[in-house]
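Counting in the working numbering, the sequence shown runs from 5 upward without gaps. We treat Cβ as the ideally placed atom computed from N, Cα and C, and that holds for glycine. This structure is a prediction, so every number in the text was calculated from the model and none was measured.
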Amino acid sequence: MTLWRGVPDATQGAPAEDAHRWSMLVLLCVALVLSLTTWFSATAITPELKAAWHLSGAIEAWLTNGVQIGFVAGALASSLVNLPDIVRLNRLMAVSALLAAVANAWLLTQPGPVGLVAARILTGAALAGVYPPALKLVSTWFVRGRGLALGAVIGALTLGSSLPHLFRALTGSLDWQLVVVAATVATLIGAAIFWFFAGEGPYPFGKAIFDPRQIGAVFRDRPLMLVNIGYLGHMWELYAMWAWLLAYARAALEAQQHASSALASLLTFLAIAAGLVGCLLGGVLSDRFGRSLTTAGLMIVSGICALAVGFVFDGPLWLFVLVTVVWGVSIIGDSAQFSAAVTELGDRRFVGTALSVQLGLGFALTVLVIWLVPQVASLLGGWRWAFLLLVPGPFIGAAAMLILRRLPAAVKMAGGKR
Numbered sequence: 005m006t007l008w009r010g011v012p013d014a015t016q017g018a019p020a021e022d023a024h025r026w027s028m029l030v031l032l033c034v035a036l037v038l039s040l041t042t043w044f045s046a047t048a049i050t051p052e053l054k055a056a057w058h059l060s061g062a063i064e065a066w067l068t069n070g071v072q073i074g075f076v077a078g079a080l081a082s083s084l085v086n087l088p089d090i091v092r093l094n095r096l097m098a099v100s101a102l103l104a105a106v107a108n109a110w111l112l113t114q115p116g117p118v119g120l121v122a123a124r125i126l127t128g129a130a131l132a133g134v135y136p137p138a139l140k141l142v143s144t145w146f147v148r149g150r151g152l153a154l155g156a157v158i159g160a161l162t163l164g165s166s167l168p169h170l171f172r173a174l175t176g177s178l179d180w181q182l183v184v185v186a187a188t189v190a191t192l193i194g195a196a197i198f199w200f201f202a203g204e205g206p207y208p209f210g211k212a213i214f215d216p217r218q219i220g221a222v223f224r225d226r227p228l229m230l231v232n233i234g235y236l237g238h239m240w241e242l243y244a245m246w247a248w249l250l251a252y253a254r255a256a257l258e259a260q261q262h263a264s265s266a267l268a269s270l271l272t273f274l275a276i277a278a279g280l281v282g283c284l285l286g287g288v289l290s291d292r293f294g295r296s297l298t299t300a301g302l303m304i305v306s307g308i309c310a311l312a313v314g315f316v317f318d319g320p321l322w323l324f325v326l327v328t329v330v331w332g333v334s335i336i337g338d339s340a341q342f343s344a345a346v347t348e349l350g351d352r353r354f355v356g357t358a359l360s361v362q363l364g365l366g367f368a369l370t371v372l373v374i375w376l377v378p379q380v381a382s383l384l385g386g387w388r389w390a391f392l393l394l395v396p397g398p399f400i401g402a403a404a405m406l407i408l409r410r411l412p413a414a415v416k417m418a419g420g421k422r
């Protein structure tokens with residue numbers, strides 16, 4: 005028995021190339037860690053940029069939202085022309101990472117508020133050519149263990165996103181330009197790795213022809229729709245927490261009489277970077293117990309943390325750190341499994357398009373939530389209860405995945421583990 009267009013069935017033994025899948029996974033993860041440092045490079049130095057360029061409070065949200073908007077535009081545009089399904093993936097990722105590095109380096113010219121936002125939008129659009137294709141590329145190396153493999157990819161994204169906060173914590177007394185330079189150089193190295201060393205594995209999805217109707221097909225497929233609802237619930241919470249955790253930690257540490265910019269940056273790095281553990285754990289659990297149960301369970305935990313963090317806002321410090329780190333682990337641990345489910349449930353010819361649609365919708369939602377969180381904080385007179393806004397998302401997402409678990413199509417996931 006074979007899968008679509010001659011792809012080997014994983015139950016009949018892997019080809020010789022399969023022995024190299026773990027080394028390729030490590031290589032791709034390293035390149036992703038390096039490339040995705042540009043995502044939060046400006047967010048990590050928000051106070052310095054505000055002071056240096058006299059930015060208004062409204063511009064602050066655009067340091068992250070600009071990337072989100074650019075990513076949405078890039079992801080949906082690539083979906084429209086089926087770009088991840090008709091272009092060699094490693095070349096697409098390398099060129100996109102190079103463009104992200106150039107857009108990030110633009111910050112060093114101090115382009116002013118308008119130029120700053122434009123640079124962030126271009127960065128996001130470029131990263132749309134790195135992240136979704138990476139998910140498809142890794143999937144060509146794994147059938148068994150795909151949940152763990154994609155968990156490692158999202159873990160790489162998580163670690164890469166957190167590194168600017170570490171750069172800021174370690175260089176607190178140095179110029180903010182060093183954070184931008186470090187992220188730019190890292191992304192250039194990632195682009196080189198994609199170009200010269202990355203390649204597709206022994207389980208290719210095949211080449212597609214241009215067919216924009218495939219976007220509509222994603223919305224007509226009930227199992228895929230439930231996966232996407234679950235993903236939207238997950239994304240309602242994720243990037244708003246990542247974007248505003250630094251500001252939240254600064255306010256909390258001040259309330260606890262531990263005010264320190266470096267400590268707030270370090271805590272933010274630890275909470276986001278801890279998601280790497282969550283991604284690997286989510287991959288192991290989903291491959292063993294099923295995508296639906298794993299995603300639902302992790303979303304319930306993260307939703308509880310979003311609720312609990314307000315209660316520990318004023319300390320003690322150890323408990324605030326504990327809740328924040330557990331939240332960081334659980335909030336991203338399920339992310340890769342929504343992508344894995346798409347590769348298993350969708351039309352194999354248009355997996356790249358389906359992934360780009362999913363990610364484009366999810367990141368479009370994050371633009372709204374990232375804007376709303378500081379509005380809620382202002383309305384409530386402080387940051388303490390601002391994250392209550394995030395609580396409904398993961399619980400709605402968990403419900404969607406539990407409904408999916410009851411459908412016959414769910415047996416296509418994780419080798420029959422729903």
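In this structure, residue 164 lies near residue 40, with their beta-carbon atoms less than 8 Å apart.
Distance between residue 144 and residue 288, taken at the CA atoms: about 19 Å.
Within the same chain, Cβ atoms closer than 7 Å to the Cβ of residue 59 are found at 53, 117, the five residues on either side in sequence being excluded. The beta carbon of residue 417 lies closer than 8 Å to those of 294, 295, 296, 344, 345, 348, 349 in the same chain, with the five residues before and after it left out. A direct Cα-Cα distance of roughly 11 Å separates residue 161 from residue 32. Counting only residues of its own chain and dropping the five nearest sequence neighbours on each side, residue 65 has a CB closer than 7 Å to the CB of 374, 375, 378. Under the three-state reduction of DSSP output, residue 124 falls in the helix class. Here residue 399 has 237, 303, 304, 307 as same chain residues with Cβ atoms under 8 Å from its own Cβ, once five neighbours each way along the sequence are excluded.
Pairing residue 413 with residue 227 gives a Cβ-Cβ distance under 8 Å.
Residue state for residue 162 is assigned as helix, using DSSP reduced to three classes. Minimum Cα-Cα distance from residue 333 among the listed residues 284, 372, 96, 365 corresponds to 284. Residue burial annotation: residue 291 is buried, with at least 16 other C-beta atoms found within 10 angstroms of its C-beta. Ranked by Cα distance from residue 192, the first of 391, 35, 26 is 35. Assigned with DSSP and collapsed to three states, residue 29 falls in helix. DSSP places residue 285 within a helical segment (H, G or I) once states are collapsed to three.
Take residue 386, set aside five residues on each side of it, and the residues of its chain with a beta-carbon closer than 8 Å to its own are 255, in chain order. For residue 225, the three-state secondary structure derived from DSSP is coil. Residue range 339-349 is occupied by the alpha helix (DSSP H) that includes residue 346.
By the Cβ neighbour-count rule, residue 266 is exposed, with fewer than 16 other Cβ atoms within 10 Å of its own. A distance below 6 Å between beta-carbons, with the five flanking residues on each side excluded, links residue 109 to the following residues of its chain, in chain order: 188. Considering only 335, 383, 364, 251, the residue with the shortest C-alpha distance to residue 158 is 335.
Boundaries cannot be given for residue 261, as no alpha helix (DSSP H) includes it and DSSP labels it neither H nor E. Taking 8 Å as the cut-off, the beta carbon of residue 124 is found no closer than this to the beta carbon of residue 194. With a contact defined as Cβ atoms closer than 8 Å, residue 232 and residue 365 qualify at about 6 Å. In the three-state reduction of the DSSP assignment, residue 243 falls in the helix class, which pools H, G and I. Non-local beta-carbon contacts of residue 328 in its own chain, meaning distances under 7 Å to residues more than five positions away in sequence, involve 271, 275, 313 in chain order. In this structure residue 320 is exposed. Its beta-carbon is surrounded by fewer than 16 other beta-carbon atoms within 10 angstroms. In chain order, 335, 336, 339, 370 place their CB closer than 8 Å to the CB of residue 242, counting only its own chain and leaving out the 5 sequence neighbours on each side. Residues 283, 284, 286, 287, 340 of the same chain have their beta carbon placed closer than 6 Å to that of residue 155, with the five preceding and five following residues left out of the count. Of the other Cβ atoms in all chains shown, 16 or more fall within 10 Å of the Cβ of residue 167; this residue is therefore buried. Every unbroken stretch of the alpha helix (DSSP H) spanning 4 or more residues and falling wholly within the region 29-99 is given here in chain order: 50-57, 61-84, 87-90. Between the alpha carbons of residue 202 and residue 96 lies a gap of roughly 11 Å.
According to the DSSP assignment, residue 182 belongs to the alpha helix (DSSP H) that extends over 181-201. Pairing residue 198 with residue 101 gives a Cβ-Cβ distance under 8 Å. Counting the other CB atoms within 10 Å of its CB gives residue 113 a total below 16, which places it among the exposed residues. Close CB contacts of residue 49 within its chain, under the 7 Å cut and outside five residues either way in sequence, are with 172, 180, 183 (chain order).
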